[in-house]
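Residue numbers (the numbering used here): 909 to 1211. From the three backbone atoms N, C-alpha and C, an ideal C-beta is built for every residue, glycine too. A quick note: this is a predicted structure, and the numbers were derived from the prediction, not measured.
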Amino acid sequence: MPACRSHFVRAALIAGLVLALAACAVAPPRPEGTSDPYQSFNRKMFAFNQTADKWVMRPVAKAYVKVTGPKGREHISDFFANLRTPITIVNELLQGRPDPALQSTLRFVINTTIGVLGFFDPATGMQLPAHTTDFGVTLAHWGVPEGPYLVLPFIGPSTVRDVWKLPVDSYFDPMVWYTREHSLKWHAQYAPSLLYLVTVRASALPFDGVLDSAFDPYSFVRDAYRQQRLYQVYYGNPPFSAIQALQGSGASGENEQDIDKLLEQQREYEKSHPGTENAIPAPAGTAPAPASSAEPAPASSTN
């Protein structure tokens, strides 16, 4: 009886701690000007990742698209999304959100059984939509600030806070468990994880043109990542104050000057690189960029 009581008390303390942490206010994002103190290192890692992507991941992803039809890719993506649902369930519990955790659990059970291991998605038709989260979002809800922006080799954009989702979430990832618990010939235990990475890269292929046409691809990816994470932390509905903090709008005049400078740099880049005009839409409320006077380059096949 004392042992049972001890386990009960320990569980109650852990549950209380989780609820207390989940009740903490979300740490505000760092202003734009202070978010990237490691820019020199980050740009080197970004260039390294871009080279690796150009010669390895992008060609593999394009080959994957060629040998699979749209429906086939959809089923494979659904399978991996369902397989990773335990990560979402655990983090929703850690964030003190039992209702979404129950919804995710029901979705996982339905798609794993009726949906044939997740290759089909009947749960969505049953009004159980997918919503993903991770330990980086959990830390944000525990009040942990995002910290400086980081670019990790082979992984890509992250922050000091988001780095922790890699080891923690992997503990609840069935693919990582499979890799850890099996040792197959030719290291075939890594095949599911590699295929998952290929599906993720293939889903990003339509955005390659936007990135390639950016004046500063590094800044474009950094800003897009931080904005995406802000929306994930607030479940798609960030308060205006958080958006202002992310943009560093405390000094609105300086912020407007920075935007104007970036737009001017983008226009100059478009003039010197015909064919990239209007690839990146201007922010709302800004005048469209003037048409480039340069002659359009002849059409050529892309890699």
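If the five residues before and after S1091 are omitted, its C-beta is found closer than 7 Å to the C-beta atoms of Q1097, all from its own chain and listed in chain order.
Counting only residues of its own chain and dropping the five nearest sequence neighbours on each side, K1073 has a CB closer than 7 Å to the CB of D1042, F1043 and G1044.
In the structure shown, the three-state DSSP call for S1066 is strand.
Counting only unbroken stretches of 3 or more residues, the beta strand (DSSP E) elements lying wholly within the stretch 1029 to 1096 are 1057 to 1060 and 1064 to 1067, in sequence order.
Between the C-alpha atoms of A1110 and L1103 there is a straight-line separation of about 10 Å. With a threshold of 16 other beta carbon atoms within 10 Å, N1145 falls short and is exposed. When the alpha-carbon of Q1003 is set against those of A1150, P1147, G1156 and V1141, the nearest one is in V1141. With respect to F1080, P994 sits close: the two C-beta atoms are nearer than 7 Å. Within the same chain, and ignoring the five residues on either side of F988 in sequence, the residues whose Cβ sits closer than 7 Å to its Cβ are Y1104 and T1107. Distance from Y946 to L1047 at the Cβ level is roughly 19 Å; contact not present, criterion being Cβ atoms closer than 8 Å.
Cβ-Cβ separation between T1087 and S1066: approximately 21 Å, too far for a contact (criterion under 8 Å). A distance below 7 Å between beta-carbons, with the five flanking residues on each side excluded, links Q1011 to the following residues of its chain, in chain order: L1036. Put simply, the backbone Cα of S1078 is about 14 Å away from that of I1063.
Judged by DSSP secondary structure, N999 falls within the alpha helix (DSSP H) whose first and last residues are T993 to L1002. DSSP places P945 outside both helix and strand once states are collapsed to three, so it counts as coil.
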